[in-house]
Amino acid sequence: MPDSRATILVVEDEPEIRRFLRAAFGAEGYRVVESASGRRGAIDAGSHKPDLAIIDLALPDIDGIEVIRQIRAWSPMPIIVLSARIAERAKIEALDAGADDYVTKPFGVGELLARVRAALRHVARANSGAPHLRLGDALVDLQARRAMRGDVDVHLTRIEFRLLATLARHLGMVVTHRQLLTEVWGPTHVNDTHYLRIYMKQLRDKLEADPVRPQHLITETGVGYRLLADEVRADDAQRALSNP
Amino acid sequence: MRANRHWRGYAWAAAAVLVCTLAGTAMQPRFDVVNIAMVYVLGVVIVALRFPRGPAIAAAVLGVATFDFLFVPPRGTFTVDDVQYLLTFAIMLAVALVISRLVENVRRQAAAQASLAVEAETERIRSTLLASISHDLRTPLAVMAGASSSLAEAGERLSASERRALAQSVFDKAREMSEHVAKVLQMTRLETGAISLQRDWVSLSEIVESVLARLAERMATHRVIVELPHDLPLVRVDAMLIEQALGNLLENCARHTPPDTVVRVRAAQRAGDVLVTVQDYSGGLRDADFERLFAKFHHGAVEAGGTGVGLGLAICRAIVRLHGGNAWAERVPGGGTAFRFTLPLETAPAVPAEAPAD
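Just so you know, the protein sequences line up as chains A and B, in that order. Per the working numbering, residue 1 is the first one in the first sequence, and the count goes up by one each step. Per the working numbering, residue 245 is the first one in the second sequence, and the count goes up by one each step.
Written as structure tokens, this is what we have:
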């Protein structure tokens, strides 16, 4: 596993929370660097060069979002934020500032570990070319812009492909409305959320077995969407796509 | 709106003076000029009673001017022959000021009384809230203290499966408590108006999807059937809040109906709104209970031992009303209770058609 022995930076002022995170990550074989404040966190991110950062949004000295901005100024490392339930809008701001995913306090470590794994896989994938994705019985080749469901070709429009590709670039992680609208329709459309609703519905109708209870194109209410899909080895995918 | 009301006051002042003038003109042949002045005074009093000081003074000044011009000799001029009339003017102005001052005082007192009533209500809510919190938190806290202390003190003497079960129950109860605290906070925020809606175009189908995903564990005991029309229009709502409102209805059904029964989630477009229904097959409710269910912290929350029973539905209703809709419960033929809410429909902006793909 490439992600074991990865170094995780935890920026969190509550010692008790750091303690259980240390225990949970340690048990999974990760190395943990702890910072008890935002300023310290921003410095530790530079000196320890972790593979991933976990940042509490409610820090005593500087805003967690500020820490994200400082890290993003020089590093694309995956960032997962810990947000309080009462401050739901703050997590959206954090995601738009460059965080990759979030976990809402209180959380179980299982949930956090799943997010960490998805984020680290994302880094590993960045170096391995455009993926073929399997969404249940649908198979998508993003590079060739082809989609199949079982043996049948599925026609996706240009925008549908672009939307799917944007979600796929952040496979397993949440992508905010703002990010999707900016990347698919352009920065003048950041408020046109209704575009997203319509096109996500079309994608689900075409790719999901039960569009009302999607298993792959997941809604993150008030935040954005998340694509859950299996990556398929290119040759397997090629065989499936070329021999219907 | 305030400016609009001001305007109306001045318009009414002018109208009152006009009516007085018409009455005065009718009276003129048979009545003394002093009596016509009384008619104007009456007009000023009425305006002062209904409107703030500005329109009252306007009525007085306008009344004096009209009276002077039309009725005080020499007529058709603003000149005054007799010094007596200056007194009439002064009195009319004074009447206007005194009356509007009195009315203002009365209004202020009424407002003070109303705010006292609000305070009393807030106090009542606060105490019910505390009772409900302490009840709903005490049980999980007791479990957490017991289970975690067993782990801390006798951990190594327990079997792995016992340790796991204890730890799991600490986790479950902590989550339950956190849910409850979140509900209490949410209710407080709704009560105090501390929530501003973040409206956006939202698909109800996605809301249903995300509620069912969030409550997957809790709804696992029931069979949830979703029936949404394929062409359901988008609604402009605060997605996170409506998700909570719907979630609370579902949780409520899961909590109060036997396991393995059906819970139906439906939505239908109507004339000006969308009707969302969560229906269970309990059938155990009397008519009188339906309204009580949605009451703030109705007593089920404290007595019946359920967690946050009254809170969930009250939050649902508060959220829906904040959106201009309504929430209620009714019996459905064939047994069962339908929890319904409406959301007003607006016309969604069009999505430009996509150029045909290459």
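Beta carbons: idealized from backbone N, C-alpha and C, even for Gly. Predicted model only: the values in this text are computed from it and were never measured.
Burial state of residue i (16 or more Cβ within 10 Å)
i, result
"G172(A)", "buried"
"D504(B)", "exposed"
"M245(B)", "Reliability of the predicted coordinates at M245(B) is poor, the pLDDT of 47 falling under 50, and the value obtained from them is presented with this limitation in mind. M245(B) is exposed by the Cβ-count criterion."
"R382(B)", "exposed"
"S378(B)", "exposed"
"Q143(A)", "exposed"
"A545(B)", "In this predicted model, A545(B) has a pLDDT of only 39, less than 50, meaning its place in the structure is not dependable enough to derive any value."
"V11(A)", "buried"
"K91(A)", "buried"
"S359(B)", "exposed"
"K49(A)", "exposed"
"H155(A)", "exposed"
"H177(A)", "buried"
"T332(B)", "buried"
"T432(B)", "exposed"
"H424(B)", "buried"
"E453(B)", "buried"
"R18(A)", "buried"
"L429(B)", "exposed"
"H170(A)", "buried"
"L490(B)", "buried"
"G140(A)", "It is Val, not Gly, that sits at residue 140(A) in the sequence shown. Classification of V140(A): buried, given that the 10 Å Cβ count is 16 or more."
"P244(A)", "Legend: pLDDT at P244(A) = 47, less than 50; position of this residue unreliable, value from coordinates given subsequently. With fewer than 16 other Cβ atoms within 10 Å, it is exposed."
For residue i, the first and last residue of its enclosing alpha helix (DSSP H)
i, result
"G29(A)", "G29(A) -> no alpha helix (DSSP H), and no H or E assigned at all."
"G224(A)", "Looking at the DSSP string, G224(A) is not in any alpha helix (DSSP H); the run it does join, the beta strand (DSSP E), is 224-227."
"L314(B)", "297-315"
"T166(A)", "158-169"
"I80(A)", "Not the alpha helix (DSSP H): I80(A) falls in the beta strand (DSSP E), residues 79-84."
Span of the beta strand (DSSP E) around residue i
i, result
"F585(B)", "581-588"
"Y525(B)", "That residue, Y525(B), is in no beta strand (DSSP E); it is neither H nor E in DSSP."
"K49(A)", "Unbroken run through K49(A): none, as it is neither H nor E."
"V452(B)", "Not the beta strand (DSSP E): V452(B) falls in the alpha helix (DSSP H), residues 448-458."
"H132(A)", "132-135"
"D217(A)", "It is Leu, not Asp, that sits at residue 217(A) in the sequence shown. First-last of the beta strand (DSSP E) with L217(A): 217-220."
"D230(A)", "230-232"
"Q513(B)", "506-513"
"R467(B)", "467-471"
"E574(B)", "571-575"
Pairwise C-alpha distance: residue j and residue i
i, j, result
"V507(B)", "S526(B)", "10 Å"
"E435(B)", "F415(B)", "30 Å"
"H567(B)", "L587(B)", "7 Å"
"V116(A)", "T219(A)", "20 Å"
"Q215(A)", "L135(A)", "8 Å"
"R514(B)", "R443(B)", "21 Å"
"I65(A)", "R419(B)", "26 Å"
"T166(A)", "A438(B)", "36 Å"
"H543(B)", "S393(B)", "Bear in mind that a pLDDT of 46 at H543(B), under 50, signals an unreliable position, so the model cannot answer this."
"V261(B)", "A303(B)", "6 Å"
"T497(B)", "K427(B)", "First, the residue type needs correcting, since residue 497(B) is Cys and not Thr in the sequence shown. Using only the alpha carbons, I get a separation of about 17 Å."
"G268(A)", "T366(B)", "Residue 268(A) lies beyond the stretch modelled for chain A, which goes from 1 to 244, so this question has no answer here."
"S83(A)", "G578(B)", "45 Å"
Among the options, the one whose alpha carbon lies nearest that of residue i
i, options, result
"R125(A)", "E16(A), E12(A), E231(A), R5(A)", "E231(A)"
"V188(B)", "A386(B), A340(B), A364(B), E574(B)", "Within the shown structure, residues of chain B are numbered from 245 to 602, placing residue 188(B) beyond reach of any answer."
"I280(B)", "V291(B), A302(B), F315(B)", "F315(B)"
"S37(A)", "L113(A), D63(A), H132(A)", "D63(A)"
"T591(B)", "V350(B), L555(B), E400(B), V446(B)", "V446(B)"
"L21(A)", "H177(A), P106(A), A97(A)", "P106(A)"
"D533(B)", "R575(B), G516(B), L476(B), V564(B)", "R575(B)"
"L306(B)", "A259(B), R352(B), K427(B)", "A259(B)"
"M282(B)", "R368(B), F295(B), G268(B), P273(B)", "G268(B)"
"I8(A)", "R40(A), G41(A), I54(A), G46(A)", "I54(A)"
"F313(B)", "Y329(B), R433(B), P299(B)", "Y329(B)"
"V522(B)", "V347(B), V481(B), T581(B), L478(B)", "T581(B)"
"E471(B)", "A356(B), N492(B), V520(B), R480(B)", "V520(B)"
"M388(B)", "L402(B), S422(B), L448(B), A361(B)", "S422(B)"
"S449(B)", "A460(B), V468(B), H474(B)", "H474(B)"
Checklist entry - What residues from the segment 190-201 of chain A come within 9 Å of chain B, judged by C-beta to C-beta, listed N to C? => result N191, D192, T193, H194, Y195, L196, R197, I198, Y199, M200, K201
Item to check | the segment 289-310 of chain B: positions lying closer than 7 Å to chain A by Cβ | outcome: none
Checklist entry - Relative to chain B, which residues along the segment 143-172 of chain A have a C-beta separation below 7 Å, given in chain order? => result T157, R158, I159
Checklist entry - Of all the residues that make up the segment 460-486 of chain B, which are near chain A by a beta-carbon distance shorter than 7 Å? => result V470, L472, L478, A483, M484
Item to check | Contacting positions in the segment 93-121 of chain A - beta carbon closer than 9 Å to chain B | outcome: K105, P106, G108
Item to check | Cβ-based contacts, 9 Å cut-off: residues of the segment 434-453 of chain B near chain A | outcome: Q442, D444, W445, V446, S447, S449, E450, I451, V452, E453
Checklist entry - When Cβ atoms are compared, which residues of the segment 391-421 of chain B fall closer than 8 Å to chain A? => result F415, A418, R419
Item to check | Chain-ordered residues of the segment 66-90 of chain A with a beta carbon less than 8 Å from chain B | outcome: R85, I86, E88, R89
Checklist entry - Mind listing which residues of the segment 579-598 of chain B have their C-beta closer than 7 Å to chain A's C-betas, in chain order? => result A592, P593, V595, E598
Checklist entry - Going along the segment 214-225 of chain A in order, which residues come within less than 8 Å of chain B, judged by CB to CB distance? => result P214, I218, T219, E220, T221, G222
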